[in-house]
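Throughout the sequence shown, residue numbering follows our numbering, covering 106 to 316 in sequence. Ideal placement from N, C-alpha and C gives every residue a C-beta, glycine not left out. Here the structure is a predicted model, which means the values were calculated and not measured. Each remark here refers to the structure printed beneath this line.
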Amino acid sequence: MVNRMSQLSKPYGLDILTNQMLNNGYSLNTMGMAVVDSNSGNVNLYSSDKPSKHIDQAYNFEHIVKSYLSSEEGKSFMDYVDSRGKKMMKIKGVGAGDLGSNTVAAIMHNGIEGILLSNYDDRSFEDRVSQLASIYEISDDAAQEYVLAHELSHAAGHYDESSAEEFLVGYFTEMADNSEGEEKEKYESLANVAKERYEQATQAESGKEAA
Numbered sequence: 106m107v108n109r110m111s112q113l114s115k116p117y118g119l120d121i122l123t124n125q126m127l128n129n130g131y132s133l134n135t136m137g138m139a140v141v142d143s144n145s146g147n148v149n150l151y152s153s154d155k156p157s158k159h160i161d162q163a164y165n166f167e168h169i170v171k172s173y174l175s176s177e178e179g180k181s182f183m184d185y186v187d188s189r190g191k192k193m194m195k196i197k198g199v200g201a202g203d204l205g206s207n208t209v210a211a212i213m214h215n216g217i218e219g220i221l222l223s224n225y226d227d228r229s230f231e232d233r234v235s236q237l238a239s240i241y242e243i244s245d246d247a248a249q250e251y252v253l254a255h256e257l258s259h260a261a262g263h264y265d266e267s268s269a270e271e272f273l274v275g276y277f278t279e280m281a282d283n284s285e286g287e288e289k290e291k292y293e294s295l296a297n298v299a300k301e302r303y304e305q306a307t308q309a310e311s312g313k314e315a316a
């Protein structure tokens, strides 16, 4: 398996964004984190210097992910994934780790199975989402939905940032077309966020190829 790391950070003109890591065998280096196993419900600690904080944030993010996947929004996203012929990788766990200052959430995976992570690093997931919301001038709830859909887009096989954002443009546009009122406005705003980030990601990835 080829190891790759791709992240959306300051070169894209934003201070906090999502991050994707492909890491064969989940080599964690010195990253402190806690992961709730999706099968057993047990929590595992890795190199944590703040075990109680990491465990609390891991359970918090697990609850957020489960709530999203069981919600109408989450079901709509999964239906869209299916309609595009995509297959979700197996999510082995959900947790929280210290992922760096420019990250909101991440998926660590090897292309077959993965772990969804929120970034703690002395700030809660909700705080990072709120900051992201203020950057794009959207509600905290909309920003959280965006982050979760973004990471799950990676889990559906869109490994680079431009591919994930392009997928989200299509999804949020379809949701806007099928909605009315405030719901329509929300998805129009999220589609615009995805379009902006798609353009930024495409430019950055083109720059890396040229280099």
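In this structure, the beta-carbon distance from residue 162 to residue 211 does not fall below 8 Å. Ranked by how close their Cα comes to the Cα of residue 234, the residues 313, 152, 311, 166 have 166 in first place. Ranking 291, 173, 138, 145 by CA distance to the CA of residue 155 puts 138 first. Taking all protein chains shown into account, residue 213 has 16 or more neighbouring C-beta atoms within 10 Å of its C-beta and is therefore buried. Residue 281 sits close to residue 293, with the two beta carbons spaced by under 8 Å.
Per DSSP, the beta bridge partners of residue 138 are 151, 202. Of the residues assessed, residue 291 falls on the buried side of the cut-off, its CB having 16 or more other CB atoms within 10 angstroms. For residue 307, same chain residues with a beta-carbon under 8 Å away, outside a window of 5 residues either side, are 267 in chain order. Here residue 220 is near residue 198, since their CB atoms are less than 8 Å apart.
Looking at the DSSP output, residue 223 shares a beta bridge with 201, 210. Distances from the CA of residue 299 to each of 189, 310, 277 were compared; the closest alpha carbon is that of 277. Taking all protein chains shown into account, residue 188 has fewer than 16 neighbouring C-beta atoms within 10 Å of its C-beta and is therefore exposed.
Beta-bridge pairing by DSSP links residue 196 to 219.
When the five nearest sequence neighbours on each side are left out, the beta carbons in the same chain lying within less than 8 Å of the beta carbon of residue 252 are those of 123, 209, 210, 234, 237, in order along the chain.
Put simply, the backbone Cα of residue 183 is about 26 Å away from that of residue 242. For residue 217, the closest alpha carbon among the candidates 224, 174, 193 is that of 193. Of the residues 254, 259, 147, 311, the one whose Cα lies closest to the Cα of residue 176 is 254. Nearest to residue 257 by C-alpha distance, out of 178, 226, 244, is 178. Residue 164 and residue 141 do touch by the CB rule: their CB atoms are close to 6 Å apart, below 8 Å.
Cβ-Cβ separation between residue 158 and residue 225: approximately 6 Å, consistent with a contact (criterion under 8 Å). For residue 246, the enclosing alpha helix (DSSP H) begins and ends at 245-260.
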